[in-house]
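Report on one structure; see the data block that follows.
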Amino acid sequence: MNFLRGVMGGPSAGPQPSGAETIQKLCDRVASSTLLDDRRDAVRALKSLSKKYRLEVGIQAMEHLIHVLQTDRSDSEIIGYALDTLYNVISNDLEEEEQEENLPKQVDNLGSQFTEIFIKQQENVTLLLTLVEEFDFHVRWPGVKLLTSLLKQQGPQVQQIILVSPMGVSRLMDLLADSREVIRNDGVLLLQQLTKSNAAIQKIVAFENAFERLLDIITEEGNSDGGIVVEDCLLLLQNLLKNNNSNQNFFKEGSYIQRMKPWFEVGDDNCGWSAQKVTNLHLMLQLVRVLVSPTNPPGATSSCQKAMFHCGLLQQLCTILMATGVPADILTETINTVSEVIRGCQMNQDYFASVNAPSNPPRPAIVVLLMSMVNERQPFVLRCAVLYCFQCFLYKNQKGQGEIVSTLLPSTIDGSSVSAGQLLCGGLFSTDSLSNWCAAVALAHALQENATLKEQLLRVQLATSIGNPPVSLLQQCTNILSQGDKIDRRGSKVQTRVGLLMLLCTWLSNCSIAVTHFLHNPANVPFLTGQIAENLGEEEQLVQGLCALLLGISIYYNDNSLENYRKEKLKQLIEKRIGRENFIEKLGFISKHELYSRAAQKPQPSFSSPDHMMFDHEFTKLVKELEGVISKAIYKSSEEDKKEEEVKKTLEQHDNIVTHYKKVIREQDQELEELKQRINTLTSQNEQLQATVTQQVSQIQQHKDQYNLLKVQLGKDTQHHNSHSDTFQMNGIQVEEVSKLKEELEEWKNKHELLQVQLREKDSMIEKLKSSQLEMGTTEQSSQTSKSGGLEHNSELQELEMLRSQIQLQSAEISKLQMENQKLQVMNTAADPVSGGSGATAVNSSELEGRLQQEIRELKSEVKALSEEKESLKQHLDSSSSTVAILQDEKSKLQQEVAESKKEQDDLLVLLADQDQKLSALKIKLKDLGVPVEDEDDIESGDQADEDEDGDEEEQD
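Numbering (this note's numbering), first residue to last: 69 to 1025.
Structure representation (structure tokens):
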């Protein structure tokens, strides 16, 4: 207690109560006071002492405070004080300025012990969950902080209590919807602690719409430009998605990947990146990598990769990759993220190959990245990221491998620009050991599981110096390897040789032609045996192991085409100069090395320093595959080799037969499928034609019904106008004849007027003649009149008589025309059904006649067209019937062919069963001889690989 007295204050005149005594009195007051105000004041006093006297308050007051939470829930103020007091007792986040210098340092497990006491009664946690539901700020906020502290101290135990509590997780999810940012932000921190390493809670939180709410908060806060709230949300998203396949699938199916694209929309002005923005963007990139991590199931990773391409996320990442002014750590993480987004996805790899850097002239992004990888002035982590990106680009990408190797071949080298192959060769032969290693590993990935490219790479020729003939790339690699430490290099002494040996082992494995080229150089085998036989230091043991692996590959994949380097002679050489046991021991140095174990864990090359950069992940798989078979091959005798060769040949023959029959069966299956598809197509066409015929027949029937209806309506109209039939037909005169008569009437009228004019002229002439005759009668001229005058007068009289007769004829004709005119007018008047003599009514009657005649003509033409259509449909139906008959014949033929093919398949299956029995007998013999025998699945996978290789050769040809 002396210590507590010193804490409470210095010496005083009278005795002062100690802190423990004060706390005890306050606890008694809380327990015994009946007035709420007294209890509230006591709890408030305990809160003020809880930081300074954390231990005493925790021991003496915790039970009373829990009782207050249970009994005084109606008063939010006292509940808030009690929660704050418990938080101060349980939390380890004490402020340094509140700790006195003479106080001992608080033990780390004090908060954990108090938490254990609090959660011993599970009802306390359930009570706390109920209080968190309260909307009152003074209750909800301290409740959230207390629950977060409990999870920090005893996470798994508190998680289990919340998990079994009814609606426990759902209650906490409501915190994200709180309009008060303080509670919402602390709710995010609470959910971070709640979801740590608990897949069940992670699933519940995800299905409570957590993704939607968190992404909304990130958007509201400004995405990558947001504050620490964005960082907290991203950490919570990582908890929900990392190593949780169910949540990852839910995230993808909910189209939340598309909402990640705006996170990476970085503006053109990339200067002035704040530390928070760098942190946020770093977490966002890590979240993308969580979805496409190589450790996820392949199907889930592939679907996320495709979704990222289709929504434009990959394109956005490539934009950041090629942008200027991006911080180095963000650029490195972006390269790693792009690597895993394209890894093993052909569509994404093809897009990445098409990305160009914004330079003049534009260069492929792969070339720009390789320039950084072989540049020793670039940061080490950046060079590792570029190497990983290149490896992911070539992973299961034979097209990309071919493009890289093609830049090295003589026929495709372009001297105008730097290519990927030139950069790799430059890095392979530079004086920087790290560049040598990276270039060797990158080139090895270009050859991974691709025997065709291994053969093509043998054609690459290098010009070493002026005046000397070019040497092959394989020869140059072995030359540098044999020179060893003679060349002055920067970096690790063995790193260059390890890289070259890994390249050679990858190149020669499963490629007999490359092994032959390697053995053709007489200096290679003595160099390898010399390296393996020497007793060197610990650093050189790794090189010895790789040399033993390379020599073992030269034996295992040797086709005995070189007489001096046949398998048996190489084994004898090992027995004489090295010893089999020593050779196997040196071969085992590789897998026992610590750096080998690290590299085998994950594909991404992550090394603490350049000196630790020795092994590649894919190469560790190759070592694991070949170490056992090489060890067995070394101990085999020549007779066993011969027997094995014979068995291999027999197996190859059987495999060829099986492959042939499989091919025949596949072809027949394909033909059957095509015939079935053809039958289905013809059947569907027949059904379509039948439907068309049925439809057209119904249309014809409809037209017939319409025609009959119009015919009936026309008969009714004829009966209605029967009283006016004289209008349409009178004395055999039809409507056209009436119009002609009207025209003739007009002509006769014109002639009548003309004759009237002529008549008036003649009348005037007659009058003149009569007057002249009278004058001649009154004037008596007797004998003086001459004979010629008398003759002239007689001629005039004759002319006058002629005119009179002509006038009479014309008058008769005019009277005749007038009578005809009157008759026509009477006829027109009678044609009017309403009122006689009206001109407007005659016009209406003529219009009605015209419409009826037009409708009659249209109906006749429609009937004619329908008749023609009917004839054509009949012809079409006949042709369809003939087609159906043909199809039935073809169907019967196909069924016969199917029966025959099934019979052939049965015969083939019987033959295959015999072959399998023979194969089983041979395999038993081989096992008795100690020869490893591959299973049928391995054989089929090998066949498939051979077929893939043949396909690649055909494409390249």
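We treat Cβ as the ideally placed atom computed from N, Cα and C, and that holds for glycine.
| message | Going by DSSP, what residue range makes up the alpha helix (DSSP H) through residue 386? | response | 381-390
| said: Could you compute how far the alpha carbon of residue 774 sits from the alpha carbon of residue 768? | reply: When rounded, the distance between both Cα atoms is 10 Å.
| task | Tell me whether residue 88 sits in a helix, a strand or coil according to DSSP, three-state version. | result | helix
| request: Tell me, to the nearest whole angstrom, how far the beta carbon of residue 313 is from that of residue 365; I am working on the premise that it is less than 8 Å. | output: 6 Å
| said: For residue 401 and residue 582, I'd like the C-alpha separation in whole angstroms. | reply: Those two C-alpha atoms are separated by around 38 Å.
| request: Report yes if the C-beta distance between residue 114 and residue 137 is below 8 Å; otherwise report no. | output: no
| request: Can you grab the Cα-Cα spacing for the pair residue 194 / residue 671, in whole Å? | output: In this structure, the alpha-carbon of residue 194 lies about 45 Å from that of residue 671.
| If we ignore side chains and look at the alpha-carbon of each, how far apart do residue 370 and residue 323 end up? | 15 Å
| task | State the beta-bridge partners of residue 500 as determined by DSSP. | result | 558
| Under a three-way DSSP split, which group does residue 672 fall into? | coil
| request: Counting only the same chain and skipping the five closest in sequence on each side, list residues whose C-beta sits under 8 Å from that of residue 345. | output: So the list reads 292, 293, once near-sequence residues are dropped.
| query | What's the C-alpha gap between residue 327 and residue 208? | reply | 31 Å
| task | Kindly list the residues whose CB is nearer than 6 Å to the CB of residue 600, restricted to its own chain and excluding five residues on each side of it in sequence; keep chain order. | result | 612, 615, 616, 646, 654
| field | Cβ neighbour criterion (16 or more within 10 Å) applied to residue 87 | value | buried
| said: Suppose the cutoff is 7 Å on Cβ atoms and the five residues either side in sequence are ignored; what does the same chain contact list for residue 342 look like? | reply: none
| Taking just the CA atoms, how far does residue 826 sit from residue 820? | Near 10 Å, if we compare the C-alpha coordinates of residue 826 and residue 820.
| How big is the Cα-Cα spacing for residue 367 and residue 191? | Whole-angstrom Cα-Cα distance: 44 Å.
| request: Assign residue 673 to one of two classes, buried (16 or more other C-beta atoms within 10 Å of its C-beta) or exposed (fewer than that). | output: buried
| query | With DSSP run on the structure shown, which of helix, strand or coil describes residue 425? | reply | Residue state, collapsed to three classes: strand.
| message | Contact defined as beta carbons within less than 8 Å: I believe residue 504 pairs with residue 496. What is the distance between those atoms, to the nearest angstrom? | response | 6 Å
| task | Please name the residue, chosen from 248, 227, 288, that lies closest to residue 268 on a Cα-to-Cα basis. | result | Across the set 248, 227, 288, the C-alpha of 227 shows the shortest separation from the C-alpha of residue 268.
| said: Taking 8 Å as the cut-off, does the region 515-522 touch the region 571-591 (at least 3 CB pairs, one atom from each stretch)? | reply: yes
| residue 610 versus residue 572: straight-line alpha-carbon distance, rounded | 15 Å
| Residue interval of the alpha helix (DSSP H) (run including residue 222) | Where residue 222 is concerned, there is no enclosing alpha helix (DSSP H), given that its DSSP letter is neither H nor E.
| message | Helix, strand or coil for residue 766? Go by DSSP, reduced to three states. | response | helix
| query | From 121, 739, 147, pick the residue whose C-alpha is nearest to that of residue 111; which is it? | reply | 147
| query | What residues in its chain sit with their C-beta under 8 Å from that of residue 853, if we drop five residues either side in the sequence? | reply | Because residue 853 carries a pLDDT of 39, less than 50, the predicted location of this residue cannot be relied on, and no value is offered for it.
| task | Going by CA-CA distance only, name the one from 764, 982, 953, 839 that's closest to residue 939. | result | 764
| Looking only at its own chain, which residues have a Cβ that is under 8 Å from the Cβ of residue 258, when we skip the five neighbours before and after it? | 212, 215, 216, 219, 240, 243
| query | DSSP puts residue 539 in a beta bridge; with which residues? | reply | 530
| When we look at the beta-carbon of residue 967 and count the other beta-carbons within 10 Å, is it buried (16 or more) or exposed? | exposed
| Whole-angstrom distance between residue 736 and residue 751, CA atom to CA atom | Roughly 22 Å between the two C-alpha positions.
| query | So what does DSSP say about residue 411, is it helix, strand or coil? | reply | DSSP places residue 411 in coil when its eight states are reduced to three.
| Between the C-alpha atoms of residue 172 and residue 299, what's the straight-line distance to the nearest angstrom? | For residue 172, the predicted model reports a pLDDT of 43, less than 50, meaning its position is unreliable; a value from the coordinates is still stated below. Taking the straight line joining both Cα atoms gives about 35 Å.
| field | Residue from 122, 576, 494, 132 with nearest C-alpha to residue 694 | value | 576
| query | Alpha carbon to alpha carbon, what distance is there between residue 96 and residue 130? | reply | 12 Å
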